[in-house]
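Engineer: Have a look at this one.
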Ligand SMILES: Nc1ncnc2c1ncn2[C@@H]1O[C@H](COP(=O)(O)OP(=O)(O)O)[C@@H](O)[C@H]1O
Ligand SMILES: [Mg+2]
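Chains as they are written, first to last, in my numbering: chain A, 889 to 1244; chain B, 1252 to 1539.
Okay, structure coming up:
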C-alpha cells in the first residue's frame, strides 16, 4: 500500500491541454475520487498514473519512487477498466491468475490467491467459464478480482460502475467500499457521478477542463465549496443559484421580481451595485429561518419521508427547489414560502469564485 | 415452415442453383465422365466408360506420387514461411501502418502481379548466364549458386512463392492484430506484462483463428501451384519441380492422356475438399 504524489502534471493531445498543471497527494490507504463532467480529463489523469499515457511535464511518485517515465508494466499498480477488458480467450480463473503468473508466483500460491479472491467476490461458481458467458455484474467482479490478487501498491478504477444498471450499481458501490475497508488499499477512482464520489471517497478531487477545481473531503466540498462550479456539481438535488445585485446591505434578486434578501453581517466585501450569485441548497430551504422567498409551486415530488418542491418565484425564469420534511400537504398551484437562515447562504462573484 | 414459404424459397434459390450448376456443374460432370473413361483427343465426343482404370494408372505412376510429394512439401513449407513472416511483419509494422496507411499499399504490390509474370521475371533475373543476380554475385564474390540448378531449384521456387504471397498473410494478420481491443493490451500492461509475453499470451491466442485460416489458404494455394513455377523452370530438372497441377497439365497436353489427367485432377480436388472439411471442423471446434 502506498502514497501517490503528483507534481505539476501536464498532458496535451495534439496541442490541446487535457491535464493542466495538476498537483495532488493521495495518502496511504485513502480512497481518492476524481470527479467532474464527462470530458474534463479524469480518465487521462488516471491513465497518466497507470503509465498508459506519457506526461508532457510534471512528475508522478508512487511511494516516493518517481515512476513518471516507467512503463505501465513496471509500476506495480492494478486498474479496473470501464469496459472491464477481460481476456476473452481465458477462463475467469486464468483471468484472475494472469497477473500472478506474469509475476512468476509459484502455482500453489496462485491457486490460493485466486480462490481467496473468488470467495470475496462470490465468483466461485464461475471460475471455469469464459467472460463472454457472464453478466455485466459478474464481469465487473472478475475485473476487480484480477486487480485484487496482485495486492498492488495502488488500485485505479475508471468509471467501473457506469455500465451497470441502477440496482447493481448501488450494490457494487457497497462492495467496493467494503473492499476498501477490508484491504486497506490506496484507491484512485474516477467517476462522473457525484453520488458515487460523495459516498465512496475519503478525498474528492473535482476536475474541470483538466484543472483541479477543488479538493477535500466530501463534506468539506459540500459545506464549503470554493467555486460556483463545485457548489453546483457536488450535492443532490443541485444547489439553487439566484442572480442578485448588491444594494445597501440587501441583495435584490433581479430574476424574482426584485424580492430582497438581507446580507449577513458584516456584509459582503463588494461595491454597491455589484452582481452576485446567491447559492441555496434545497436542503436548507424549509419552514424555519429568519428570511424567506415566495413562489408558486409547479411540481412536487413526494418521496414519502420528504418532498422535493419545485416553486417558481414571481417573475422568475428559474425554478427554486426545496427539499421539505413532511411536505405531504403541498401540491402544485399552492403558494410556497421557502424559509432559510442567513448563515446558510453562499455567495459567488461574477467569475464564479466564492465570496466569504 | 409453411408450404407457401418453401415455394417462395425455391423461387428465390432457383436462379442461384441454376447458375452454380452451369458454372460448376457442367465442367465437373464432364471431368467426372472423362475421368472414368478411356479418353484421348480422338475420342473426346464419344468417351468410352473404363471404370477406375484411369485412377489405377495414376496411382501406379511414380511421377504422380513424386508430384504429390512435391506439392505437399511446397504447400506446407511456403504456408509456414509466409505465415511466420507475415505475422512478424504485421506485428512489427502495425504502428507504422496505423500512422501511415499507404505503407500497406506498397507492401501488397507483389500480390497484384500475375504469378506467371513473377515466374518470368525471376527467370530473367536468375538466368545462369544472362541474369543480373548471378552476374553481380560473380563479379563481386567470384561465385554464385546455380539458382535454377537441381540442387537449388526447390529453394528458389519456395523463396519466389514466399516473397509473392507473404503480403497476403501480412494483410490478414494486420487486420486481425488491429482489431484486438486496445484496452486488453493496456490491461495486460498494467498487470505487469512485458511486450513479449503480451504477444504470446494475449495477442497471438486472439489471432489464432486468423492464423489457421491463413495457413490453410496458403497451403491450398501452394499445393495447387502452377503458373509461377511453370514459367520459371517448367517441370524442373529431372521433373524436380513438377507439382500436381504441372503433372496434370503435362499429362493432359504433352502426353494427351486426358482421362488420366482428369483422374489426377479429381484426386487433387477430393484431397483439397477433405482437407477443407477437416480444417473447418477444427476451426469450429476451437471457436469460443
Ligand atoms: N488519445 C486521445 N487523443 C486525443 N484526445 C484525447 C485522447 N484521449 C482523450 N482525449 C481528449 O481529452 C479530453 C479528456 O478526455 P478524458 O480524460 O477521457 O475525459 P473524461 O474521462 O473526464 O471523460 C477529451 O476532450 C478527449 O476528447
Ligand atoms: Mg473517462
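Beta carbons are placed, not taken as given, at the ideal position from N, Cα and C, and that holds for glycine.
Fair warning: this is a prediction, and the values are worked out from it, not measured in the lab.
1. When a residue counts only if its C-beta is closer than 5 Å to some heavy atom of ligand 1, which residues count, in chain order?
2. If I measure Cβ to Cβ from residue 1210 (chain A) and keep anything under 6 Å in the same chain, skipping five residues before and after, which residues do I get?
3. Given a cut-off of 8 Å, decide if residue 1121 (chain A) and residue 1260 (chain A) are closer than it, judged by their beta-carbon atoms.
4. Out of A:1009, A:1052, A:1013 and A:987, state which residue places its alpha-carbon closest to the alpha-carbon of residue 1066 (chain A).
5. Expressed to the nearest angstrom, what Euclidean distance is found between the alpha-carbon atoms of residue 937 (chain A) and residue 896 (chain A)?
6. Residue 1012 (chain A): beta carbon under 7 Å from a heavy atom of ligand 2?
7. Could you run through the region 1444-1461 of chain B and flag, in chain order, every residue whose CB is less than 9 Å away from some CB of chain A?
8. Distance cutoff 8 Å, beta carbons only. Does residue 1312 (chain B) sit that close to anything in chain A?
9. Is residue 1449 (chain B) helix, strand or coil when you go by DSSP?
10. Quick one: give me the first and last residue of the alpha helix (DSSP H) that residue 1479 (chain B) is part of.
11. On a Cα-Cα basis, can you pick out the residue from B:1484, B:1385 and B:1494 that is closest to residue 1473 (chain B)?
12. For residue 1302 (chain B), count neighbouring C-beta atoms within 10 Å of its own C-beta (all shown protein chains included) and say buried if the count is 16 or more, exposed if not.
13. May I have the straight-line CA-CA distance separating residue 1107 (chain A) from residue 1082 (chain A), to the nearest angstrom?
14. Along chain C, in chain order, which residues have C-beta atoms closer than 7 Å to that of residue 971 (chain A)?
15. What residues from chain A crowd round residue 1441 (chain B), counting only those whose CB sits closer than 8 Å?
16. Assuming residue 1077 (chain A) is part of the beta strand (DSSP E), what are its boundary residues?
17. With C-beta atoms as the reference, is residue 1439 (chain B) less than 8 Å away from residue 1423 (chain B)?
18. Given that residue 1014 (chain A) touches chain B, what residues does it touch there, using C-beta distances under 8 Å?
19. Does the region 1451-1470 of chain B come into contact with the region 1369-1376 of chain B, if we say contact requires no fewer than three beta-carbon pairs (one atom in each stretch) closer than 8 Å?
20. So, residue 921 (chain A) versus residue 988 (chain A), is the Cβ gap smaller than 8 Å?
21. Using a Cβ-Cβ cut-off of 8 Å, state whether residue 922 (chain A) counts as contacting chain B.
22. Unbroken beta strand (DSSP E) runs of length 3 or more, entirely within the region 911-945 of chain A: which are they?
23. Taking Cβ-Cβ distances shorter than 7 Å, what residues in chain B pair up with residue 1138 (chain A)?
24. With residue 1165 (chain A) as the anchor, note down where its beta strand (DSSP E) starts and where it stops.
25. Check the Cβ of residue 1281 (chain A) against every Cβ in chain B and list those closer than 9 Å, keeping chain order.
26. Using C-beta distances below 7 Å, list every residue in its chain close to residue 915 (chain A), excluding the 5 sequence neighbours before and after it, in chain order.
27. Do you know offhand how far residue 1030 (chain A)'s Cα is from residue 1526 (chain B)'s?
28. Would the beta-carbon of residue 1046 (chain A) be found less than 7 Å away from any heavy atom of ligand 2?
29. With DSSP run on the structure shown, which of helix, strand or coil describes residue 908 (chain A)?
30. Along chain A, which residues have their Cβ under 9 Å away from the Cβ of residue 1437 (chain B)?
31. Just to check, is the beta-carbon of residue 1078 (chain A) closer than 7 Å to a non-hydrogen atom of ligand 2?
32. Strictly by DSSP, which residues pair up with residue 1132 (chain A)?
33. Give me the Cα-Cα distance between residue 1479 (chain B) and residue 1432 (chain B), rounded to the nearest whole angstrom.
34. Between the Cα of residue 993 (chain A) and those of A:1039, A:951 and A:1012, spot the shortest distance and give me the residue it belongs to.
35. Could you tell me if residue 1413 (chain B) is buried or exposed, where buried requires 16 or more neighbouring beta carbons within 10 angstroms of its beta carbon?
36. Say whether chain B places a C-beta atom closer than 8 Å to the C-beta of residue 1073 (chain A).
Structural biologist: In terms of the structure at hand:
1. So the residues near ligand 1 by this Cβ test are A:901, A:906, A:926, A:927, A:928, A:929, A:930, A:931 and A:932.
2. Result list for residue 1210 (chain A): 1170, 1173, 1197 and 1226, in chain order.
3. No statement about residue 1260 (chain A) is possible, as the shown extent of chain A runs from 889 to 1244 and does not include it.
4. If we check each option's Cα against that of residue 1066 (chain A), A:1009 comes out closest.
5. Pairing residue 937 (chain A) with residue 896 (chain A), the inter-Cα distance amounts to about 13 Å.
6. False, no ligand heavy atom lies under 7 Å from that Cβ.
7. Contacts with chain A (Cβ-Cβ distance below 9 Å) from the region 1444-1461 of chain B involve 1444, 1445, 1446, 1448, 1449, 1452, 1453, 1456, 1457 and 1459, listed in chain order.
8. Interface criterion not met: the Cβ of residue 1312 (chain B) is under 8 Å from no Cβ in chain A.
9. Per DSSP, reduced to three states, the secondary structure at residue 1449 (chain B) is helical.
10. Where residue 1479 (chain B) is concerned, the enclosing alpha helix (DSSP H) stretches over 1478-1484.
11. When only C-alpha atoms are compared, the closest one is B:1494.
12. Here residue 1302 (chain B) is exposed. Its C-beta has fewer than 16 other C-beta atoms within 10 Å.
13. In this model, residue 1107 (chain A) and residue 1082 (chain A) are separated by some 12 Å (Cα to Cα).
14. Going by chain labels, chain C is absent from the structure shown, which instead holds the protein chains A and B.
15. Within chain A, the residues 938, 939, 940, 960, 961, 963, 965, 966, 967 and 1044 have their CB atoms less than 8 Å from the CB of residue 1441 (chain B), given in chain order.
16. Here the beta strand (DSSP E) through residue 1077 (chain A) covers 1075-1079.
17. With respect to the 8 Å criterion, residue 1439 (chain B) and residue 1423 (chain B) are not classified as neighbours on the basis of their beta carbons.
18. Going along chain B, no residue has its Cβ under 8 Å from residue 1014 (chain A), so there is no contact; the nearest lies around 15 Å.
19. With a cut-off of 8 Å, the region 1369-1376 of chain B and the region 1451-1470 of chain B do not count as touching, because too few Cβ pairs lie within range.
20. Not in contact: residue 921 (chain A) and residue 988 (chain A) (Cβ atoms no closer than 8 Å).
21. Under the Cβ distance rule, residue 922 (chain A) does not count among the residues neighbouring chain B, no pair being separated by less than 8 Å.
22. If only complete runs of 3 or more residues are kept, the region 911-945 of chain A shows the beta strand (DSSP E) at 919-923, in order along the chain.
23. Result: empty, since nearest Cβ-Cβ is about 56 Å, beyond 7 Å.
24. Per DSSP, residue 1165 (chain A) is one residue of the beta strand (DSSP E) stretching across 1163-1168.
25. This structure leaves residue 1281 (chain A) out entirely; chain A is present only between 889 and 1244.
26. Excluding five sequence positions before and after residue 915 (chain A), the CB atoms of its chain that fall closer than 7 Å to its own CB belong to 891, given in chain order.
27. Approximately 40 Å, taken between the alpha carbons.
28. Within the cutoff, so yes.
29. The DSSP-derived three-state label of residue 908 (chain A) is strand.
30. By Cβ distance, chain A contributes 935, 938, 940, 960, 967, 969 and 973.
31. Between ligand 2 and residue 1078 (chain A), a heavy atom-to-CB distance of less than 7 Å is present.
32. Residue pairing by DSSP places residue 1132 (chain A) opposite A:1141 and A:1164 in a beta bridge.
33. Cα-Cα distance, rounded: 39 Å.
34. Of the listed residues, the one whose Cα sits closest to residue 993 (chain A) is A:1039.
35. Buried: at least 16 other Cβ atoms inside 10 Å.
36. No Cβ of chain B is located within less than 8 Å of the beta carbon of residue 1073 (chain A).
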